[in-house]
Structures are given as C-alpha cells and as structure tokens.
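S.K.: Pasting a structure here, questions to come.
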DNA sequence: GCAATCTGGTACAATTAATATACCAGAAAT
DNA sequence: ATTTCTGGTATATTAATTGTACCAGATTGC
C-alpha cells in the first residue's frame, strides 16, 4: 500500500483551485510563503508539489519573480477532458439530470446552508452582475453558483455526483442558449434562489429552481 | 492539509474488504503477519489501523487468538475513513444521495427500459441467486443491478453521476446487506424492482425502492 | 539613490511516520 | 513435550515533513 505523499496532494489541490477559477491562467500565484500557509503545508512540501506542476506544464516557476499559471493549462487537466460519449448525450438528459440532483439539493441547502456558503453564493451573484456583458464570465459564475448550491446541501456524495456531470454542463449548448436578454432573467432566478436559501424557505427554493430548470428545458426542446 | 496516515488507509482497505465480502462478520481475519503482507504495510502500521477498527467496533482483537469481525451495532461512519478527497462523509449522506438519484432513475427506467436492459437486469438477478453463498460475487451483481437500473433510465448524464458515487455504495453495503441471512431479503427486493420495471409499474417501482432506502436511512439515524 | 522588502533557491537540524527486526507469553496443534 | 501458532511489545533505522535560517536578485517606498 503506497504512502500518500503530501506533495501530490498539493498538486491535486492546486489543480482543483485552478479549475474552479480561484486562481486564473496567466496570473501569478500567491508567493510560496503565503501559499503554503493557505494550503497548510510546509514550504518544502509545497515546492515539491509546485515542481511537479511545473514539469506537467501547469505552472511556470520564475525565480525571483513568482509562479505563473500557464494559459491553456485547463486543457491539460484531467478534469478538462470531455467524457468520450459526450456527443451522444442530449441536452434534455443534461437538464433532466440537473433537475434530479439540484432540486433535492436546494431543498437540503435551505435547511443546512451555513453563513460561509451563503456568502459565497452572494459573491457569485455579484460577480454575475458585474460580468453581465461578458458572457463567458457570466456563465462561469452561473455555473459556480449552481455548484455552490449543491455544495450547500452539505451532502458531499451529492457534490461528487454533481461535479461529475459539471463538464457536460460546461460544454453543452445549455449556456450558449442563454441568448442576449436572457441574462436578466437568469439573474432574477439566481437572486430568488439565493434569497430562499438565505431565509430557509425550502418550498420557495424548490419551486424557483424547478421553474428555472424547466425554462432551460423548454428552450432546449425545439 | 492533513497528512494521510497509512493506518487510515488500512482502515479503509479493511472496510472495503469486509464490504465486498472478502472477510465476513463473525469470522476470524488472517493473522496479522499474513494480513500486513497482503496489504503491503508493516505490522506496526497494520496494528495501528486494526486498533482503530477495534475502537470503532468494527473488529475485536483477542490476544493469542485472533481478530474477529464484529456484527455492526454502531452505524456511524467515523471521520477520516473514506477516500481522501471526500472526507467527513456520513452513511446518512450516502443513502440520501442514493435516494435522490436512484428513485427518479427507477421511475425513468419504468418508462423507458428496453428489452436489452430488462434482459440484463434478469441476468444479474440470476447471477445473484447463483452466487448466494459467495458474498463477493453476490455483492458484485447487487451493485451491477443497481447500476443497470440507473442505466435503464436511458439518461447517460445520470449514469455518469451514479457511477461517480458507486464507490461509496459499497461502504453503505457494509452496514446493510453484508450480514449472513440478508441475502434472501435483498433478493426479494431486487426481484420486485425488476418486476416493476419489466411491467412498467412506475409507482410500484418508486415505492419499493423508496421504502427500502428509507428503511436504511431510518436504521442509520440513531 | 538607498534601504527595506519582496521573490524563489537552498541547506540543515528536529520531528514524526513507517519499516524491519527481534523477542515475549499464552494457546493450540503435533 | 515440543513446535508453531497467536497477539503484545520494544527498538533501531529509514524516510517524509516541518521549521528555521540564510542567499541573491528584483521590486517598492522614501
């Protein structure tokens, strides 16, 4: 049985942080001394993981300057690889699966969401509003909002299930079907869902999300 | 970031081996010197893991006799046992996630299951009956049955989501159908689900599965 | 311009986890 | 009665991780 070296945990964590947009391509990472504090490892261990990420081409370490996330690192990440059967999947199935998972999740979220998750939800809404003229950005925070809702259910198994299909969501036409003018509508839905979770209004939250996803389902049927 | 102690991996591995029926409740485990060779760890590390399993009530260590797998009375899944990426997962969460995904899936399966999937389901039931005295085989086909049910929903996104949590199902199996004599009960339940899907009795299928998972959920609450 | 501060690169002792080895004592098999 | 099994224990060794310290180039503030 192999011992799990901390260095590879750092690699995994960093990939996760990059893929979720916490750290963004072309940008500089926090200094090593800050990073190792944030990740809760010693600097030596962090550097071990960073060296791996460097050799994988995910980051570039520049002496006396900083550590930079490479531009197209997303495509090299394991999670960035589309499932092979992607093209055989219908939008209808994607939205239906979302309904099945997200609706119970929002019900749980209304019961269990903590202040931290509520704060994150609010932040995502703010970011959505700020990037309402930048569709890729808008959709990114749309996505993060929904992931946070599932996360707020405090059921990590459900989170795992949802994460596994988030690639479908990302690359599907669902988001490109949010045409101009649809952003305002999406904003209203998200704000209502946020309010329902914050005020623990379970029935309202379920109803709003169901309507939201049904709207998407309608726009998909064509 | 917590260091992953090998002892915890031993605990996980042992639970996995018990849940897959390699080792069965009320029976004696191989001697420590054999076990640590099989698991690929030193005896000290193995004993550390076994001590945890003992304090959790999973096994009972009897000096100068052996290590015996206990029947579970404590349904709690202790922290830090499950795979490193998803810590603090409770059995409650696992069963809840199963409910959320499998119940809509069986409803869809009753609507959409084709002859091919029905044939596969029947085959899994036959294999389960044939291997009723071979627990690892039995649980294997038990698992395949559930995956086929979700697959019969004809929603590939849902299948992906379910596959991503199937690793956790075996942990829930530890506490459910692993005991001797439970196999017959599981058989009856699977046969009823199969009949409901075959005869497209949506409400019946949902009810049977919901009752079963609610039973498990109830026994878990303690 | 200069000094303080930042950056990654490096070295080394202390701590901790895991291994390998040996031996003990009771129990069971031969 | 002796060999061989069992878990319990002790210890030296190896390796991973931490913590601390310092280096040298680059940047920032005054």
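Protein chains in written order, with this note's numbering: chain A, 11 to 232; chain B, 11 to 232. All residues carry an ideal CB built from backbone N, CA and C; glycine is no exception. As the structure is a computational prediction, the values presented were derived from the model and not from experiment.
Among A:62, A:16, A:128 and A:105, which one has its Cα closest to the Cα of residue 200 of chain A?
M.R.: Translated into positions along the first chain, residue 200 of chain A becomes position 190. Out of A:62, A:16, A:128 and A:105, A:128 has the C-alpha closest to the C-alpha of residue 200 of chain A.
S.K.: What residues in the segment 13-39 of chain B have a beta carbon less than 8 Å from any beta carbon of chain A?
M.R.: For the segment 13-39 of chain B, the beta-carbon criterion of a distance under 8 Å to any beta-carbon of chain A is satisfied by 13, 14, 16, 19, 20 and 23.
S.K.: Within a Cβ cutoff of 7 Å, which residues of the same chain sit near residue 5 of chain B, ignoring the five residues on either side of it in sequence?
M.R.: In this structure chain B extends from 11 to 232, so residue 5 of chain B is not present and cannot be described.
S.K.: Just list the residues that DSSP pairs residue 178 of chain B with in beta bridges.
M.R.: Translated into positions along the second chain, residue 178 of chain B becomes position 168. According to DSSP, residue 178 of chain B bridges with nothing at all.
S.K.: Please report the distance separating the alpha-carbon of residue 130 of chain B from that of residue 131 of chain A.
M.R.: Looking up residue 130 of chain B in the second chain gives position 120. Looking up residue 131 of chain A in the first chain gives position 121. Approximately 43 Å between the Cα atoms of the pair.
S.K.: Rounded to whole angstroms, how far is the Cβ of residue 110 of chain B from the Cβ of residue 203 of chain A, which I believe are closer than 8 Å?
M.R.: For the purposes of this step, residue 110 of chain B is taken as residue 100 along the second chain, with counting starting at 1. For the purposes of this step, residue 203 of chain A is taken as residue 193 along the first chain, with counting starting at 1. With 8 Å as the limit, residue 110 of chain B and residue 203 of chain A do not qualify as a contact, their Cβ atoms being about 18 Å apart.
S.K.: Mind listing the chain B neighbours of residue 41 of chain A? Cutoff is C-beta to C-beta under 7 Å, in chain order.
M.R.: Translated into positions along the first chain, residue 41 of chain A becomes position 31. What residue 41 of chain A touches in chain B, judged by beta-carbon distance under 7 Å, is nothing: the nearest beta carbon there is about 18 Å away.
S.K.: Note down, in chain order, every chain A residue with its Cβ under 9 Å from the Cβ of residue 175 of chain B.
M.R.: Walking along the second chain from the start, residue 175 of chain B turns up at place 165. What residue 175 of chain B touches in chain A: 167, 168, 170, 171 and 174.
S.K.: Using alpha carbons as the reference points, say which of A:126, A:45, A:125 and A:155 lies closest to residue 139 of chain A.
M.R.: In the first chain, counting from the first residue as 1, residue 139 of chain A sits at position 129. Among A:126, A:45, A:125 and A:155, the Cα nearest to that of residue 139 of chain A belongs to A:155.
S.K.: Please determine if the segment 17-26 of chain B and the segment 149-164 of chain A are in contact, where contact requires at least 3 C-beta pairs separated by less than 8 Å.
M.R.: no
S.K.: If I follow the unbroken alpha helix (DSSP H) through residue 199 of chain B, where does it start and stop?
M.R.: For the purposes of this step, residue 199 of chain B is identified with residue 189 of the second chain, where counting begins at 1. Start and end: 192-208.
S.K.: Could you name the residues of the same chain whose beta carbon sits closer than 6 Å to that of residue 62 of chain B, not counting the 5 residues immediately before and after it, in chain order?
M.R.: Here the question's residue 62 of chain B lines up with position 52 in the second chain. Closer than 6 Å at the Cβ level, and outside the excluded window around residue 62 of chain B, lie 21.
S.K.: Which residue from A:158, A:170 and A:122 puts its Cα closest to that of residue 210 of chain A?
M.R.: Residue numbering aside, residue 210 of chain A sits at position 200 when the first chain is read from its first letter. Ranking the options by Cα distance to residue 210 of chain A, first place goes to A:122.
S.K.: Between residue 142 of chain B and chain A, is the shortest Cβ-Cβ distance under 8 Å, so that the two count as touching?
M.R.: Counting from 1 along the second chain, the entry for residue 142 of chain B is found at position 132. Not closer than 8 Å to any Cβ of chain A, the Cβ of residue 142 of chain B fails to qualify, so no.
S.K.: To the nearest angstrom, how far is the alpha carbon of residue 196 of chain A from that of residue 149 of chain A?
M.R.: Locating residue 196 of chain A in the first chain gives position 186, where the first residue counts as 1. Locating residue 149 of chain A in the first chain gives position 139, where the first residue counts as 1. Each residue's alpha carbon lies about 10 Å from the other.
S.K.: Below 9 Å on C-beta distance, what does residue 124 of chain B contact in chain A?
M.R.: Stepping through the second chain from its first residue, residue 124 of chain B is reached at position 114. Ordered by position in chain A, no residue passes the 9 Å Cβ test against residue 124 of chain B, which lies about 16 Å from the chain.
S.K.: Specify, as a first and last residue, the run of the beta strand (DSSP E) that residue 257 of chain A falls within.
M.R.: For residue 257 of chain A there is no data in the structure shown, the boundaries of chain A being 11 and 232.
S.K.: Give the range of the beta strand (DSSP E) segment to which residue 78 of chain A is assigned.
M.R.: Along the first chain, read from residue 1 onward, the residue named residue 78 of chain A stands at position 68. From DSSP, the beta strand (DSSP E) with residue 78 of chain A extends over 76-79.
S.K.: Give a yes or no on whether the C-beta atoms belonging to residue 80 of chain A and residue 59 of chain A are separated by under 8 Å.
M.R.: By one-based count along the first chain, residue 80 of chain A stands at place 70. By one-based count along the first chain, residue 59 of chain A stands at place 49. In this structure, residue 59 of chain A does not lie closer than 8 Å to residue 80 of chain A by Cβ.
S.K.: Do we get a CB-CB distance below 8 Å when we pair residue 146 of chain B with the residues of chain A?
M.R.: Counting from 1 along the second chain, the entry for residue 146 of chain B is found at position 136. The beta carbon of residue 146 of chain B sits no closer than 8 Å to any beta carbon of chain A.
S.K.: Cα separation between residue 40 of chain B and residue 70 of chain A?
M.R.: Your numbering for residue 40 of chain B matches position 30 in the second chain. Your numbering for residue 70 of chain A matches position 60 in the first chain. Each residue's Cα considered, the two are about 49 Å apart.
S.K.: I need the DSSP call for residue 122 of chain A, collapsed to helix, strand or coil.
M.R.: As a first step, residue 122 of chain A is located in the first chain; it is residue number 112 there, counting from the start. Reduced to three states, the DSSP call for residue 122 of chain A is helix.
S.K.: Just to confirm before moving on: does the CB-CB distance between residue 16 of chain B and residue 51 of chain B stay below 8 Å?
M.R.: Reading the second chain from its first residue, position 6 is the one you call residue 16 of chain B. Reading the second chain from its first residue, position 41 is the one you call residue 51 of chain B. Yes, they are a contact pair.
S.K.: Where residue 169 of chain B and residue 74 of chain B are concerned, what is the direct C-alpha to C-alpha distance, given to the nearest angstrom?
M.R.: The residue given as residue 169 of chain B occupies position 159 in the second chain. The residue given as residue 74 of chain B occupies position 64 in the second chain. Looking at the two C-alpha atoms, the distance is approximately 48 Å.
S.K.: For residue 11 of chain A, would you say it is in contact with chain B, using Cβ-to-Cβ distances shorter than 8 Å as the test?
M.R.: Residue mapping note: residue 11 of chain A aligns to position 1 of the first chain, counting from 1. Output row for residue 11 of chain A: interface = yes.
S.K.: Taking 6 Å as the limit between beta carbons, can you name the residues of its chain near residue 137 of chain B, skipping five residues before and five after?
M.R.: Translated into the one-based positions of the second chain, residue 137 of chain B becomes position 127. Once the five neighbours on either side are set aside, the close Cβ partners of residue 137 of chain B are 151.
S.K.: For chain B, is any of its Cβ atoms less than 8 Å away from the one on residue 62 of chain A?
M.R.: Numbered from its first residue, the first chain carries residue 62 of chain A at position 52. Chain B, which has no Cβ nearer than 8 Å to the Cβ of residue 62 of chain A, makes this no.
S.K.: When you compare each of B:222, B:19, B:38 and B:36 to residue 56 of chain B by their alpha carbons, which one comes out closest?
M.R.: The residue given as residue 56 of chain B occupies position 46 in the second chain. Residue 56 of chain B has its Cα closest to that of B:19, out of B:222, B:19, B:38 and B:36.
S.K.: Could I get the ranges of all uninterrupted beta strand (DSSP E) runs contained in the segment 115-171 of chain A, with 3 residues as the minimum, in chain order?
M.R.: Entirely contained in the segment 115-171 of chain A, not one beta strand (DSSP E) run reaches 3 residues.
S.K.: Evaluate residue 193 of chain A with the Cβ neighbour count: other Cβ atoms within 10 Å of its Cβ, from every protein chain shown; 16 or more gives buried, anything less gives exposed.
M.R.: Here residue 193 of chain A is taken as the residue at index 183 of the first chain, counted from 1. Classification for residue 193 of chain A: buried.
S.K.: Taking 8 Å as the limit between beta carbons, can you name the residues of its chain near residue 220 of chain A, skipping five residues before and five after?
M.R.: What you label residue 220 of chain A is simply residue 210 of the first chain in a count that begins at 1. If we look at residue 220 of chain A and ignore the five residues flanking it on each side, its Cβ neighbours are 109 and 113.
S.K.: When the Cα atoms are used, what is the spatial distance from residue 175 of chain B to residue 47 of chain B?
M.R.: In the second chain, counting from the first residue as 1, residue 175 of chain B sits at position 165. In the second chain, counting from the first residue as 1, residue 47 of chain B sits at position 37. If I take the Cα positions, the gap works out to 30 Å.
S.K.: In whole angstroms, what is the alpha-carbon distance linking residue 206 of chain A and residue 72 of chain A?
M.R.: By one-based count along the first chain, residue 206 of chain A stands at place 196. By one-based count along the first chain, residue 72 of chain A stands at place 62. Each residue's Cα considered, the two are about 47 Å apart.
S.K.: Would you mind giving the Cβ-Cβ distance between residue 212 of chain A and residue 117 of chain A, rounded to the nearest angstrom? I have them listed as a contact below 8 Å.
M.R.: Within the first chain, numbered from 1, the residue matching residue 212 of chain A stands at position 202. Within the first chain, numbered from 1, the residue matching residue 117 of chain A stands at position 107. Yes, they are in contact, since the Cβ atoms of residue 212 of chain A and residue 117 of chain A sit about 5 Å apart, within 8 Å.
S.K.: Can you confirm whether residue 89 of chain B, when its beta carbon is compared against all beta carbons of chain A, has any partner nearer than 8 Å?
M.R.: Within the second chain, numbered from 1, the residue matching residue 89 of chain B stands at position 79. Note on residue 89 of chain B: pLDDT 46, under 50, position unreliable in the model; no value is reported.
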